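Shown next, in structure tokens, is the structure this report addresses.
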Amino acid sequence: MLEESKSAERLPREVGLLGGGVIGGGWAARFLLNGVDVRLYDPAPNAIEHVHKVLDNARRAYRRLTLVPLPPEGSLTVTESVADAVRGVDLVQESAPERLELKQQLLAAAGRAAAPKTLICSSTSGFRPSLLQAEMDHPEYLLVAHPFQPVYLLPLVELCGGERTMPEALERAAPIYRSIGMHPLVVRKEVDGFIANRLQDAISREALWLVHDDLASLQEIDDAVRYSWALRRASMGSYRMAGGGAGIRQSIAQWAFKWPWSRLTDKPDMNDAFLDRVAEQADALVKADPLDVSVEEKRDDLLVGLLQALRSQGYGPGETLARWEQGLRARTPLPAQDSGPLRTLRVIPSSWIDGNGHAAESTYLQLCSDATTTVGRYIRANGENLEGTGTYYTVETHLSHLGELRAGDRVEVFTQVLGADEKRLHLFHVIKREGSEKRAATGEQMLIHVDAESRRSAPVTGKMRERLLALAQLHAKLPRPDRVGKGIGMQ
């Protein structure tokens with residue numbers, strides 16, 4: 057198997073695209089936004105308009121995907137012929153409709169016009185590359201590079217050579233696709249549909265049987281998938297969780313083909329030779345992917361990251377998580393009314409950790425925000441209906457980093473009201489590991505009360521005002537923190 061993960065990335069200078077439909081437009085966006093020039097051939101009258109629409113969608117997605125600045129966009133040139141599209145480019149990507157004769161003709165024409173040894177890749181979803189090579193004069197550098205929709209976001213590209221494909225072609229292709237943010241997966245032998253689509257097809261067949269037999273609706277099938285194993289497989293795949301050869305043997309013995317649950321009943325011969333081969337591959341998977349925590353901990357961390365990302369969109373499993381959190385928040389006891397600072401308890405998730413292994417600066421801002429929410433819950437006590445009464449907006453924050461926090465730390469934030477009037481609220485937060493006297497950070501904030509309808513600053517009124525001023529009077533009796541008003545300057 058090709059050691060593609062160890063080869064260096066190699067960004068192409070210019071690529072030729074044959075076809076600008078759903079897949080071809082996605083390729084255009086991925087290459088262009090990576091700074092690669094694109095030459096496009098597609099005789100359809102609306103092809104260029106479609107590509108520009110896909111490109112707009114990709115720009116929007118990339119702005120949300122990464123904060124790293126993208127390179128200057130490549131140039132897009134529309135050509136009148138296959139020859140013009142492929143002449144002088146580093147790579148050709150064919151994405152015509154799934155008609156074998158059409159693809160064979162396009163690829164043969166590309167092979168005649170392109171420079172010798174130019175990589176010519178097909179986006180076909182299922183045709184074996186040996187079939188695609190049939191009409192080519194020089195098929196040695198033809199291979200399949202099968203992506204997934206949307207091409208500009210999903211990272212997998214399946215690379216598959218045909219009977220007459222040079223091994224060098226696969227070795228050259230992998231670093232090119234990696235340079236544009238993809239995960240090249242080399243299919244070791246030609247097979248119809250390659251790997252991912254064969255798996256997808258099996259699931260789709262079973263799903264349609266469930267609908268056909270009136271056992272489930274499409275909505276129920278989608279929910280069954282996306283709320284369960286789809287999350288787990290998206291994070292760790294199917295077999296890393298087995299923990300090696302012994303685990304995979306146990307899993308097969310316990311689950312594989314034990315019950316006639318599926319319409320797909322054909323099964324491989326489960327002899328000792330097959331089990332040995334599967335166990336060997338499971339051990340190799342563990343060796344290639346060592347973990348610094350248990351596989352269960354890693355699984356949980358990855359699932360938490362996925363669920364939190366979905367929560368930010370308020371959709372599917374993320375909406376379920378948000379609704380559960382809302383219920384938890386409603387059941388959380390209100391802060392006790394005493395003379396001490398208000399206490400907020402949080403656990404640092406792994407998603408709040410930066411590349412150095414400790415809490416990112418945004419973590420401390422989030423902790424201050426959570427503590428401010430505690431103050432808000434305190435002054436909204438007694439079940440008062442506060443719909444439309446307004447809220448506090450932060451207008452200034454000063455952080456002092458005094459220690460480090462890491463994933464899994466239980467953290468206490470102690471919040472003192474330093475001052476309050478009809479519009480302003482002055483808070484000071486002390487952030488510590490639970491039970492520790494040493495401060496990890498402090499945060500000082502000024503907030504302004506804003507009317508819910510006008511979105512302008514406005515006086516706080518009613519019971520909120522009464523409780524806020526009473527809290528401020530209690531906290532005025534506390535010692536003033538030594539870092540209040542601390543400025544930044546050279547010592």
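Going left to right, the sequence shown walks through residues 57 to 547 as our numbering numbers them. Glycine residues also receive a C-beta, built at the ideal position from the N, C-alpha and C atoms. These numbers were taken from a predicted model, which means no experiment stands behind them.
Sub-8 Å separation of Leu163 and Glu129 beta-carbons: The sequence position of residue 163 within the sequence shown is 107, counting from 1. The sequence position of residue 129 within the sequence shown is 73, counting from 1. Cβ atoms of Leu163 and Glu129: not closer than 8 Å.
Assigned secondary structure, Thr471 (DSSP; H/G/I helix, E/B strand, else coil): Sequence index remark: in the sequence shown, residue 471 carries index 415 (1-based). In this structure, Thr471 counts as strand in the three-state DSSP scheme.
Ordered list of alpha helix (DSSP H) runs contained in the region 207-269, each at least 4 residues: 223-235, 252-268
When Thr450, Glu478, Gly81 are compared against Tyr208, the one with the closest alpha-carbon: For this step, residue 208 is matched to residue 152 along the sequence shown. The option with the nearest alpha carbon to Tyr208 is Gly81.
Report all residues from its chain with a CB closer than 6 Å to the CB of Thr450; omit the five preceding and five following residues, and keep chain order. Within the sequence shown, residue 450 is the residue found at index 394, counting from 1. Hits under 6 Å: Gln501, Leu503.
To the nearest angstrom, report how far apart Met326 and Ser307 are at their CA atoms. Reading the sequence shown from its first residue, position 270 is the one you call residue 326. Reading the sequence shown from its first residue, position 251 is the one you call residue 307. Their backbone Cα atoms lie some 13 Å apart in a straight line.
Identified DSSP bridge partners for Asp93: Against the sequence shown, residue 93 aligns to sequence position 37. Its beta-bridge partners are Glu70.
Nonlocal neighbours in the same chain, by C-beta distance under 8 Å from Thr221, ignoring five residues either side: To locate residue 221, count along the sequence shown from 1; it is residue 165. So the list reads Pro185, Gln189, Pro195, Glu196, Tyr197, Leu198, Leu199, once near-sequence residues are dropped.
First through last residue of the beta strand (DSSP E) which encompasses Thr450: For this step, residue 450 is matched to residue 394 along the sequence shown. Counting along the chain, the beta strand (DSSP E) containing Thr450 begins and ends at 447-457.
Cβ contact check for the region 422-430 and the region 470-483: 3 or more pairs under 8 Å: yes
What is the residue span of the alpha helix (DSSP H) that Thr531 lies within? Residue mapping note: residue 531 aligns to position 475 of the sequence shown, counting from 1. At residue 531 the sequence reads His, which differs from the Thr that was named. Note, His531: alpha helix (DSSP H), 518-531.
If you draw a straight line from the alpha carbon of Cys424 to that of Ala508, how long is it in whole angstroms? Locating residue 424 in the sequence shown gives position 368, where the first residue counts as 1. Locating residue 508 in the sequence shown gives position 452, where the first residue counts as 1. Cα to Cα, Cys424 sits roughly 22 Å from Ala508.
Touching or not, the region 163-178 and the region 139-146, by the rule of three or more beta carbon pairs under 8 Å? yes
Flag Ser406 as yes when its Cβ comes closer than 7 Å to any non-hydrogen atom of the ligand FMN, and as no otherwise. Questions concerning the ligand FMN fall outside what the structure shown contains, since it holds no ligand whatsoever.
Drop a sphere of 10 angstroms on the beta-carbon of Asp569, count the other beta-carbons inside from all chains shown, and report buried for 16 or more, exposed for fewer. There is simply no residue 569 to check, as the chain begins at 57 and stops at 547 in what is shown.
Given that a residue counts as buried once 16 or more other Cβ atoms are within 10 Å of its Cβ, and exposed if not, what is Glu443? For the purposes of this step, residue 443 is taken as the residue at position 387 of the sequence shown. With a pLDDT of only 47 at Glu443, under 50, the local geometry of the prediction cannot be trusted, and no value is derived from it.
Have a look at the DSSP bridge pairing and note the partners of Lys488. As a working mapping, residue 488 is identified with position 432 in the sequence shown. For Lys488, which the question treats as bridged, DSSP gives the partners Glu468, Arg495.
List the endpoints of the continuous beta strand (DSSP E) containing Glu603. Because residue 603 is not part of the residues shown, which for the chain are 57 to 547, the question remains open.
Quickly, what does DSSP pair His108 with across the bridge? List them, please. Position 52 of the sequence shown holds residue 108. Beta-bridge pairing links His108 to no other residue.
Whole angstroms are fine: how far does the CA of Asp248 sit from the CA of Ile453? Working through the sequence shown from its first residue, we reach residue 453 at position 397. Working through the sequence shown from its first residue, we reach residue 248 at position 192. The amino acid occupying residue 453 in the given sequence is Thr; Ile does not appear at that position. One C-alpha to the other measures close to 59 Å.
Taking DSSP as the reference, what is the three-state secondary structure of Glu500? For the purposes of this step, residue 500 is taken as residue 444 along the sequence shown, with counting starting at 1. Glu500: strand per DSSP, three-state reduction.
Specify the secondary structure class of Val576 as computed by DSSP and reduced to three states. Only positions 57 to 547 of the chain appear in the structure, and residue 576 is not among them; the question remains open.
Close beta carbons around Ser273, own chain, < 8 Å, minus the five adjacent residues each side: What you label residue 273 is simply residue 217 of the sequence shown in a count that begins at 1. Taken in chain order, the residues that qualify are Val267.
Which residue wins for smallest C-alpha separation from Ile544, given the options Ser456, Leu126, Leu363? The residue given as residue 544 occupies position 488 in the sequence shown. Nearest C-alpha to Ile544: Ser456.
On the three-pair Cβ rule with 8 Å, is the region 110-130 touching the region 152-160? no
Give the DSSP-derived three-state secondary structure of Ala100 in the structure shown. The residue you call residue 100 lines up with position 44 of the sequence shown. Residue state, collapsed to three classes: coil.
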